[in-house]
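The structure under discussion appears below in the form of structure tokens.
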Amino acid sequence: MGVMTLISGVGLLVDDRMLLGSPIWHKPFKFSVSFVLYGLTLAWMHSLLTRRQRVGWWAGTVVAAGSAVEMAIIVGQVVRGKRSHFNTETPTDAALFSLMGTTVVVLWLGTLLMAVVLWRQPLADRATQWAIRLGSVIGLAGLAVGFLMTQPTADQASGRITGTVGAHGVGTADGGPHLPVTGWESTGGDLRIAHFVGMHALQVLPLLALGLAYAARRYGWAADAGVRPRLVLVAGLGYAGLVGLTVWQALRGQALSSPDGLTLGAAGALAAAVAVAVAAVLRIGAARGRSGPGGSGGSGGSPGPGAAGGPGGAAGVLVGAEPRG
Numbered sequence: 003m004g005v006m007t008l009i010s011g012v013g014l015l016v017d018d019r020m021l022l023g024s025p026i027w028h029k030p031f032k033f034s035v036s037f038v039l040y041g042l043t044l045a046w047m048h049s050l051l052t053r054r055q056r057v058g059w060w061a062g063t064v065v066a067a068g069s070a071v072e073m074a075i076i077v078g079q080v081v082r083g084k085r086s087h088f089n090t091e092t093p094t095d096a097a098l099f100s101l102m103g104t105t106v107v108v109l110w111l112g113t114l115l116m117a118v119v120l121w122r123q124p125l126a127d128r129a130t131q132w133a134i135r136l137g138s139v140i141g142l143a144g145l146a147v148g149f150l151m152t153q154p155t156a157d158q159a160s161g162r163i164t165g166t167v168g169a170h171g172v173g174t175a176d177g178g179p180h181l182p183v184t185g186w187e188s189t190g191g192d193l194r195i196a197h198f199v200g201m202h203a204l205q206v207l208p209l210l211a212l213g214l215a216y217a218a219r220r221y222g223w224a225a226d227a228g229v230r231p232r233l234v235l236v237a238g239l240g241y242a243g244l245v246g247l248t249v250w251q252a253l254r255g256q257a258l259s260s261p262d263g264l265t266l267g268a269a270g271a272l273a274a275a276v277a278v279a280v281a282a283v284l285r286i287g288a289a290r291g292r293s294g295p296g297g298s299g300g301s302g303g304s305p306g307p308g309a310a311g312g313p314g315g316a317a318g319v320l321v322g323a324e325p326r327g
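Here is the structure:
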């Protein structure tokens with residue numbers, strides 16, 4: 003997949019063809035980068051398994067195979083100068099799009115299997131465990147947004163538009179004015195936003211756990227082993243709310259760059275709720291730290307093996323050390 007990223011990057015530089023208002027190699031470049039991140043994350047998650055490793059290996063293999071098939075179709079259609087998604091103009095295009103739909107289901111089921119295995123895998127650091135659990139669930143929800151895009155629009159269902167089934171735009175035609183870099187629609191809703199944000203919870207939340215593990219070495223507020231998982235939980239719930247907000251905004255035919263008062267109000271309420279929850283967690287952690295002579299370890303003094311920096315802590319887990327149950 004890294005090779006496909008390189009090929010797509012070169013294509014962006016040397017191939018000036020346009021498709022639906024964007025450089026024709028823009029989609030394969032975005033997809034290949036996304037698949038690289040996704041694959042690396044699943045490989046890291048598999049490295050944490052101390053049991054059911056074979057099941058995890060098969061889940062990762064299924065996801066890798068599905069990703070490879072989807073990328074092959076996307077690149078093949080670029081070579082032909084054709085759309086890959088939603089294209090039913092010819093029997094060949096329709097068959098390829100149908101196959102892509104199958105690969106999406108395979109990707110979703112493979113990720114689900116990995117999520118189930120990891121949910122049952124005990125890790126030494128609770129923050130890491132909750133980051134993986136919540137990231138997997140939110141990632142599955144983000145992937146599922148893709149199924150909404152495959153539904154025919156009213157014009158397609160009535161036969162007024164042929165050769166296309168499904169769309170990522172809501173209230174606007176695909177390929178219209180769009181935001182730079184991302185290509186997301188700027189004159190209507192775009193379901194790709196929630197799809198992107200949701201599926202990459204698998205990277206964002208574990209990275210947050212990693213950041214908290216290293217913060218615990220320098221800042222007292224993060225040294226309490228009970229604070230970090232609570233902060234990850236708050237972040238996960240807030241992230242899930244963000245995914246829901248972007249789906250809701252898109253389904254109302256509203257561009258990300260043009261939120262109305264209702265969307266801004268909902269976003270503000272979500273941000274305020276997260277801020278209040280974070281403040282509450284930090285306040286509780288500070289109170290616990292003052293209650294014991296050793297600070298963050300509670301009344302027992304020094305942190306135990308599950309705290310950051312200990313042999314079973316988050317830092318050890320996140321750099322690949324074997325987790326201890």
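Heads up: the sequence shown begins at 3 in this note's numbering, then just goes up one per residue.
Cβ coordinates follow ideal geometry from the N, Cα and C atoms, glycine included.
{"Asked": "Where Pro182 falls, given that 16 or more other Cβ within 10 Å makes a residue buried", "Found": "exposed"}
{"Asked": "CB of Leu193 within 8 angstroms of CB of Val245, strictly", "Found": "no"}
{"Asked": "Meets three-Cβ-pair contact criterion under 8 angstroms: the region 69-76 and the region 99-110", "Found": "yes"}
{"Asked": "Per-residue burial, Thr63 [other beta carbons within 10 Å of its own, 16 or more giving buried]", "Found": "exposed"}
{"Asked": "Start-to-end residues for the alpha helix (DSSP H) that takes in Tyr40", "Found": "28-49"}
{"Asked": "Minimum C-alpha distance to Val119 - residue among Trp60, Thr105, Trp250, Gly177", "Found": "Trp60"}
{"Asked": "Length of the line joining the Cα atoms of Ala211 and Ile163", "Found": "47 angstroms"}
{"Asked": "Val172 (DSSP reduced to helix, strand or coil)", "Found": "strand"}
{"Asked": "Pair within 8 angstroms by beta-carbon distance, Gly171 and Gly190", "Found": "yes"}
{"Asked": "Alpha-carbon to alpha-carbon, Ser34 and Asp18", "Found": "19 angstroms"}
{"Asked": "Inter-stretch contact (C-beta, 8 angstroms, three-pair minimum) for the region 25-40 and the region 194-208", "Found": "yes"}
{"Asked": "For Gly191, the three-state DSSP class (helix, strand or coil)", "Found": "strand"}
{"Asked": "Reduced DSSP secondary structure (H/G/I, E/B, other) of Leu21", "Found": "strand"}
{"Asked": "Three-state secondary structure assigned by DSSP to Gly4", "Found": "helix"}
{"Asked": "contact_flag[the region 84-97, the region 151-168] where n(CB pairs < 8 angstroms) is 3 or more", "Found": "yes"}
{"Asked": "Check whether Val57 and Leu115 have beta carbons under 8 angstroms apart", "Found": "yes"}
{"Asked": "Coil, strand or helix - His180 by DSSP", "Found": "strand"}
{"Asked": "Range of the contiguous alpha helix (DSSP H) that encloses Gln251", "Found": "229-253"}
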